[in-house]
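A.B. asks:
Numbering (the working numbering), first residue to last: 27 to 141.
Following this line, the structure appears as structure tokens:
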């Protein structure tokens, strides 16, 4: 992706995605899980190219610096990320009905590990 920043995934974001895929596989089957992955990859591509377009709602509400999120349409998930000069750090991928403040405060959310 020319003009896109490199994506770096936190361990907590990877765990969120795997749990969501497992849920969609169990509840809706492989086709639904695949649609989720396609939507997720589209969201990642958008964030990599246009990071400033994400909402800072939760960063503003919780005082979390440059945290932004992008909605994973048509699925009820939010991709939370931060940006530095060279990379986008995918921090969490959370269902919109979760307790977002508590989920963002969980240990490991900002663990800094590149995995």
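We put the beta carbon where it would ideally sit given N, CA and C, even for glycine.
The model shown is predicted, which means the values in this text are computed figures rather than measured ones.
Using alpha carbons as the reference points, say which of 94, 30, 99 lies closest to residue 126.
C.D. replies: Counting from 1 along the chain shown, the entry for residue 126 is found at position 100. Ranked by how close their Cα comes to the Cα of residue 126, the residues 94, 30, 99 have 94 in first place.
A.B. asks: Just the Cα atoms here: how many angstroms apart are residue 69 and residue 113?
C.D. replies: Here residue 69 corresponds to residue number 43 of the chain shown, with the count starting at 1. Here residue 113 corresponds to residue number 87 of the chain shown, with the count starting at 1. Cα to Cα, the separation comes out at about 15 angstroms.
A.B. asks: Could you pull the DSSP bridge partners for residue 97 from this structure?
C.D. replies: Reading the chain shown from its first residue, position 71 is the one you call residue 97. Its beta-bridge partners are 104.
A.B. asks: Who are the Cβ neighbours of residue 122 in its own chain at under 6 angstroms, not counting the five residues just before and after it?
C.D. replies: In the chain shown, residue 122 corresponds to position 96, counting from 1. Counting only Cβ-Cβ distances below 6 angstroms, and skipping sequence neighbours, we find 102, 104.
A.B. asks: Taking just the CA atoms, how far does residue 77 sit from residue 64?
C.D. replies: Here the question's residue 64 lines up with position 38 in the chain shown. Here the question's residue 77 lines up with position 51 in the chain shown. Residue 64 and residue 77: Cα-Cα distance of roughly 19 angstroms.
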